[in-house]
Amino acid sequence: MDPLLPPPSSSDLIIVKSLISQLLSSAPHPLLSFFLCCMPFPSPGLEEKRAAQYACSLLGHALQKHGASPELQKQIRQLEGHLSLGRKLLRLGNSADALESAKRAVHLSDVVLRFCITVSHLNRALYFACDNVLWAGKSGLAPRVDQEKWAQRSFRYYLFSLIMNLSRDAYEIRLLMEQESSACSRRLKGSGGGVPGGIEMRGSGGPGSPGGGLPQLALKFRLRVLLLARVLRSHPPLLLDVVRNACDLFIPLDKLGLWRCGPGIVGLCGLVSSILSILTLICPWLRLKP
Numbered sequence: 268m269d270p271l272l273p274p275p276s277s278s279d280l281i282i283v284k285s286l287i288s289q290l291l292s293s294a295p296h297p298l299l300s301f302f303l304c305c306m307p308f309p310s311p312g313l314e315e316k317r318a319a320q321y322a323c324s325l326l327g328h329a330l331q332k333h334g335a336s337p338e339l340q341k342q343i344r345q346l347e348g349h350l351s352l353g354r355k356l357l358r359l360g361n362s363a364d365a366l367e368s369a370k371r372a373v374h375l376s377d378v379v380l381r382f383c384i385t386v387s388h389l390n391r392a393l394y395f396a397c398d399n400v401l402w403a404g405k406s407g408l409a410p411r412v413d414q415e416k417w418a419q420r421s422f423r424y425y426l427f428s429l430i431m432n433l434s435r436d437a438y439e440i441r442l443l444m445e446q447e448s449s450a451c452s453r454r455l456k457g458s459g460g461g462v463p464g465g466i467e468m469r470g471s472g473g474p475g476s477p478g479g480g481l482p483q484l485a486l487k488f489r490l491r492v493l494l495l496a497r498v499l500r501s502h503p504p505l506l507l508d509v510v511r512n513a514c515d516l517f518i519p520l521d522k523l524g525l526w527r528c529g530p531g532i533v534g535l536c537g538l539v540s541s542i543l544s545i546l547t548l549i550c551p552w553l554r555l556k557p
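Per this note's numbering, the very first residue in the sequence shown carries number 268; after that it's consecutive.
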């Protein structure tokens, strides 16, 4: 990516449309044509620009795999750079918002949630601050900025924030599983029955019975998985938050060199995460609270 890119403008949409028309006429595979038709266009919204940026990253990887012309690949990379720079411009005030969110999270009654959410917002504030420095360097306002060093810093803070988010998700899942398990036990006791279908009888074995322990462990694991699936199905905001954070996790892992995923996986995960974020904006009840 060119370190000095001109600011994005409304002509980006025209560029995308012309590129897509060229690509659809020469797409060597029907799956690529389908992907190009579904690719989101740039728009003034932050999440839409993020989705378009990662769509361009995924598209560039697909074009490289299918042997597209170097000029076309260069245009896609330049468009991705425009969108990245535009996102950084729109995020200039996000550090203050993250700090305000951290101040609100300090007053949560649950200790674990208070710690995870506060630390996550503080890391996001530092991540956005580093991102602002990167924007100043790429826009030419601070040409002496070491962009590689600040990029590594920003992705480290981003990774810590995602780890805190996933820790918060795991904690909430654990609480909900315990509540669901207790509710099931109360229902079974109220009905005067045991485990449905005689599961314990089939999976149990006496202390001296050969191989009795392994079926029990397998049965317990299966029940825990079923309970987890039931909890996530009953709480869509938590499910979406887990999937979004898990997808985002691949981005800093790849950029920091901790786990090389490749541009295709990074683009796909970023696109899925952005679509889920847009979905929570369209349907606010899908946003995890607090």
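From the three backbone atoms N, C-alpha and C, an ideal C-beta is built for every residue, glycine too.
These numbers were taken from a predicted model, which means no experiment stands behind them.
Which two residues bound the contiguous alpha helix (DSSP H) that contains S324? One-based indexing of the sequence shown puts residue 324 at position 57. Residues L313 to K332.
Complete alpha helix (DSSP H) runs within the segment 377-407 (minimum length 4 residues, chain order): Every alpha helix (DSSP H) of 4 residues or more that sits fully in the segment 377-407 is shown, in chain order, as 378-405.
Exposed or buried, which one is P519 when buried takes at least 16 other CB atoms within 10 Å? If you number the sequence shown from 1, residue 519 lands on position 252. Its Cβ being crowded by 16 or more others within 10 Å, P519 is buried.
If we call anything under 8 Å between Cβ atoms a contact, is L313 one with L346? The count along the sequence shown starts at 1 and reaches residue 313 at position 46. The count along the sequence shown starts at 1 and reaches residue 346 at position 79. It is not a contact, given that the beta carbons lie outside the stated cut-off.
Three-state secondary structure (DSSP) at W213? Residue 213 lies beyond the stretch modelled for the chain, which goes from 268 to 557, so this question has no answer here.
Give the straight-line distance between the Cα atoms of S336 and A418, rounded to the nearest whole angstrom. The residue you call residue 336 lines up with position 69 of the sequence shown. The residue you call residue 418 lines up with position 151 of the sequence shown. Going by the C-alpha atoms only, they are around 30 Å apart.
Suppose you measure from the CA of Q320 to the CA of S540; what does that come to, to the nearest Å? Position 53 of the sequence shown, counting from 1, holds the residue named residue 320. Position 273 of the sequence shown, counting from 1, holds the residue named residue 540. Looking at the two C-alpha atoms, the distance is approximately 12 Å.
On a CA-only basis, which of W402, N432 and A409 is nearest V510? Give me that one, please. To locate residue 510, count along the sequence shown from 1; it is residue 243. For V510, the closest of W402, N432 and A409 by C-alpha to C-alpha distance is N432.
Return yes when the Cβ of I343 is within less than 8 Å of the Cβ of L325, no when it is not. As a first step, residue 325 is located in the sequence shown; it is residue number 58 there, counting from the start. As a first step, residue 343 is located in the sequence shown; it is residue number 76 there, counting from the start. No, these two residues do not count as a Cβ contact at 8 Å.
Is the beta carbon of A365 closer than 8 Å to that of A392? As a position in the sequence shown, residue 392 is number 125, starting the count at 1. As a position in the sequence shown, residue 365 is number 98, starting the count at 1. Their beta carbons are under 8 Å apart, which means A392 touches A365 by this criterion.
If you follow the alpha helix (DSSP H) that R411 is part of, which residue opens it and which one closes it? Position 144 of the sequence shown, counting from 1, holds the residue named residue 411. Neither: R411 is in no alpha helix (DSSP H) and is coded neither H nor E.
Which residues in the same chain have their Cβ closer than 7 Å to the Cβ of H296, if we skip the five residues on either side of it in sequence? Here the question's residue 296 lines up with position 29 in the sequence shown. Its pLDDT being 42, under 50, H296 is placed unreliably in this model, and the value from its coordinates should be taken loosely. By the criterion of a C-beta distance shorter than 7 Å, H296 is surrounded in its chain by H333, once the five residues flanking it on both sides are discounted.
Local Cβ density within 10 Å of S544, reported as buried at 16 or more and exposed below that: Against the sequence shown, residue 544 aligns to sequence position 277. So S544 ends up on the buried side.
Rounded C-beta distance between A322 and L538? I'm assuming under 8 Å. In the sequence shown, residue 322 corresponds to position 55, counting from 1. In the sequence shown, residue 538 corresponds to position 271, counting from 1. The beta-carbon distance between A322 and L538, rounded to whole angstroms, is 5 Å. This is short enough to meet the 8 Å contact definition.
Nearest to L352 by alpha carbon, out of H328, W402 and S448? Looking up residue 352 in the sequence shown gives position 85. Selected option, being the one with the closest Cα: W402.
Can you tell me whether D398 is buried or exposed? The criterion is at least 16 other CB atoms within 10 Å of its CB, across all chains shown. Against the sequence shown, residue 398 aligns to sequence position 131. In this structure D398 is buried. Its beta-carbon is surrounded by 16 or more other beta-carbon atoms within 10 angstroms.
Just to confirm, are P215 and I384 a CB contact at a threshold of 8 Å? Given that the chain is displayed from residue 268 to residue 557, the structure contains no residue 215 and the question cannot be resolved.
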